[in-house]
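These notes concern the structure reproduced below.
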Amino acid sequence: MTATRIDGKAFAARLRERVGARALEFAEATGRKPGLAVVLVGENAASEVYVRAKGKACVAANMESFEHRLPADTSAQDLLALVERLNADPAVDGILVQLPLPEHLDEQAIIAAISPDKDVDGFHVINAGRLSVGQEGFVPCTPMGCMMLLTDRLGDLSGLDAVVIGRSNIVGKPMAQLLLDANATVTIAHSRTKDLAAVVRRADIVVAAVGRPQMIGKDWLKEGATVIDVGINRLPPEPGADKGRLVGDVAFDEASEVAGAITPVPGGVGPMTIAVLLRNTLVAAYRNAGLDMPEGL
Ligand code: NAD
């Protein structure tokens, strides 16, 4: 079998287009654009890239982007004061504090200060709680993007065996919760799981969120499985190159011989994350304005 390549980039582009169209309607109805505030503390090169990309994506989707760049030695008090101001600002629908924060700042305390109704990253404990009891809230962008790709590919997930590898609060745990809500039979595997290959081989759906380059080979997969590769890993550079290639947690080429469908890295899950962030910001705007949510998001 040769796996179908799940094109997350194209799916994300279509989602961004829908969000952009709905954002225009929102602006017509309310006289203002949906707004996302992104807070960056310090000078982390990867974070700089993400923040710039989020700002550009916002503007392209007819939303307002508010960027707040603070020096690395910003005190917790000053950061909390900014979060409070953004919580109270009616032009701001979503607030995202880019992680990781410098070491002297307590990430959990800062996230806890964001209004749960503006927590478009879905990292606040209130939103984690809402997800776990099935209430409406905000779901972290990466697992929600994975879920969209899965339901687009498979339709009804009822009764399917799903294995999520990784148990982080931002990917693995919410991913497992979403699969459970979709009536899959879910196993969460992690660094202490015994005979991981045998666990993964049972799965109709594999979501890999580990951060180990090409760890999952074809021998780990059941014939026809749907494989969602969240991992982003950079290989050491080839001789003469200054940067190594980006790869996922799955050995794409050999896994494609066995899987039914698989996301590539790059171009799979990655582009979905920002698209869902825009979607969540639009949803926040509709909720904050007390308007009915548009269909098809
Ligand atoms: P994390 O480090 O918080 O969690 C990794 C998880 O993998 C842990 O729960 C750990 O138990 C598990 N693990 C570690 N070694 C293992 C092993 N040998 N066998 C089985 N499980 C093992 O990472 P994270 O934030 O959840 O991210 C995971 C990966 O996804 C990273 O590569 C990250 O860069 C990527 N990521 C991508 C996106 C995206 O937009 N595509 C978003 C977030 C994270």
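Be aware that the sequence shown starts at -10, since it is given in the numbering used here, and climbs by one per residue. We put the CB at the ideal spot given by N, CA and C, even for glycine.
Name all residues in chain order for which at least one heavy atom of ligand 1 lies closer than 5 Å to the residue's CB.
After applying the 5 Å Cβ criterion, the set is T131, G155, R156, S157, V160, H179, S180, A198, V199, G200, V219, G220, I221, V258, G259 and T262.
On the CB-based measure, 16 or more other CB atoms within 10 Å of its CB, does K232 come out buried or exposed?
As a working note, residue 232 is residue 243 in the sequence shown. Exposed, since its Cβ has fewer than 16 Cβ neighbours within 10 Å.
List the endpoints of the continuous alpha helix (DSSP H) containing L143.
Counted from its first residue, the sequence shown places residue 143 at position 154. That run of the alpha helix (DSSP H) goes C130 to L143.
DSSP three-state call for D150: helix, strand or coil?
Your numbering for residue 150 matches position 161 in the sequence shown. Three-state DSSP puts D150 in a strand.
What do you reckon, are the CB atoms on V188 and D218 nearer than 8 Å?
The residue given as residue 188 occupies position 199 in the sequence shown. The residue given as residue 218 occupies position 229 in the sequence shown. Taking the C-beta atoms as reference points, D218 is found no nearer than 8 Å to V188.
So E243 packs on G206, CB below 8 Å; how close in whole Å?
The residue given as residue 243 occupies position 254 in the sequence shown. The residue given as residue 206 occupies position 217 in the sequence shown. About 6 Å separates the CB atoms of E243 and G206; that is less than 8 Å, so the two are in contact.
Identify the continuous alpha helix (DSSP H) that holds D78 and give its terminal residues.
Along the sequence shown, read from residue 1 onward, the residue named residue 78 stands at position 89. It is not in any alpha helix (DSSP H) - D78 carries neither H nor E in the DSSP assignment.
Counting C-beta neighbours from all protein chains within 10 Å, is the total for Q42 16 or more, i.e. buried, or is it exposed?
Taking the first residue of the sequence shown as 1, we reach residue 42 at position 53. This sequence places Ala at residue 42; Gln is not what is there. Under the 10 Å beta carbon count, A42 is surrounded by fewer than 16 other beta carbons and is classified as exposed.
Just to check my reading of the structure: T131 and V258 have Cβ atoms closer than 8 Å, yes? What is that Cβ distance to the nearest angstrom?
Taking the first residue of the sequence shown as 1, we reach residue 131 at position 142. Taking the first residue of the sequence shown as 1, we reach residue 258 at position 269. That pair is a contact at about 6 Å.
Roughly how many angstroms separate the alpha carbons of M204 and P253, rounded to a whole number?
In the sequence shown, counting from the first residue as 1, residue 204 sits at position 215. In the sequence shown, counting from the first residue as 1, residue 253 sits at position 264. Distance between the alpha carbons of M204 and P253: 14 Å.
Whole angstroms are fine: how far does the CA of L210 sit from the CA of A186?
Here residue 186 refers to the residue found at position 197 when the sequence shown is read from its first residue. Here residue 210 refers to the residue found at position 221 when the sequence shown is read from its first residue. Their backbone Cα atoms lie some 8 Å apart in a straight line.
Where does the unbroken alpha helix (DSSP H) through V122 begin, and where does it stop?
Translated into the one-based positions of the sequence shown, residue 122 becomes position 133. From DSSP, the alpha helix (DSSP H) with V122 extends over V114 to V122.
Would you please state the rounded distance, in angstroms, between the beta carbons of G83 and L25? I believe it to be under 8 Å.
Mapped onto the sequence shown, residue 83 falls at position 94. Mapped onto the sequence shown, residue 25 falls at position 36. For a cut-off of 8 Å, the C-beta gap from G83 to L25 is around 4 Å, short enough to register as a contact.
Is D108 close to ligand 2? I mean its beta-carbon at under 7 Å from any heavy atom of the ligand.
Within the structure as shown, ligand 2 is missing, the only ligands being ligand 1.
Measuring CA to CA, which of T215, R201 and D208 is closest to N222?
Counted from its first residue, the sequence shown places residue 222 at position 233. It is R201 whose Cα lies nearest to the Cα of N222.
By Cβ distance below 6 Å, which residues in the same chain neighbour R58 in space, the five residues on each side in sequence not counted?
One-based indexing of the sequence shown puts residue 58 at position 69. If we look at R58 and ignore the five residues flanking it on each side, its Cβ neighbours are L29.
Relative to the C-alpha of I287, which candidate in I251, V199, L68 and A65 has its C-alpha closest?
This structure cannot speak to residue 287, because the chain is shown only from -10 to 286.
Quick check on the burial criterion: 16 or more other C-beta atoms within 10 angstroms. Buried or exposed for P79?
Translated into the one-based positions of the sequence shown, residue 79 becomes position 90. Exposed is the call here.
Have a look at G285 and D106 and give me their C-alpha separation to the nearest angstrom.
One-based indexing of the sequence shown puts residue 285 at position 296. One-based indexing of the sequence shown puts residue 106 at position 117. Roughly 21 Å separates the two Cα atoms.
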